[in-house]
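One structure is given below, encoded as structure tokens.
Residue numbers (our numbering): 31 to 100.
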């Protein structure tokens, strides 16, 4: 059961990292049409995005963990 929970947490982190990739050069994160609003709100709640919508140190750390190539 704990492996299932851990896998679920990793999937959530991965999804949040995809949201964090949608940002401007100054670090302001925006919500793309492909991403659900709930993930953006979750990223804010978990401290990956600050109240003004900018990427936090915690968010940059998560992005470094999940390198996506497009």
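Beta carbons are placed, not taken as given, at the ideal position from N, Cα and C, and that holds for glycine.
- Item | Where residue 61 sits in the DSSP three-state scheme | Looking up residue 61 in the chain shown gives position 31. Here residue 61 sits in coil by DSSP.
- Going by DSSP, name the residue or residues bridged to residue 29. In the structure displayed, the chain extends from 31 to 100; residue 29 sits before or after that span and is not available.
- Would you kindly work out how many angstroms separate the C-alpha atoms of residue 59 and residue 38, rounded to a whole number? The residue you call residue 59 lines up with position 29 of the chain shown. The residue you call residue 38 lines up with position 8 of the chain shown. Rounded to the nearest angstrom, the two C-alpha atoms are 24 Å apart.
- Query: So which of 48, 90, 56 and 93 has the shortest CA-CA distance to residue 67?
  - Reply: Counting from one through the chain shown, the residue named residue 67 turns up at place 37. The candidate whose alpha carbon is nearest that of residue 67 is 48.
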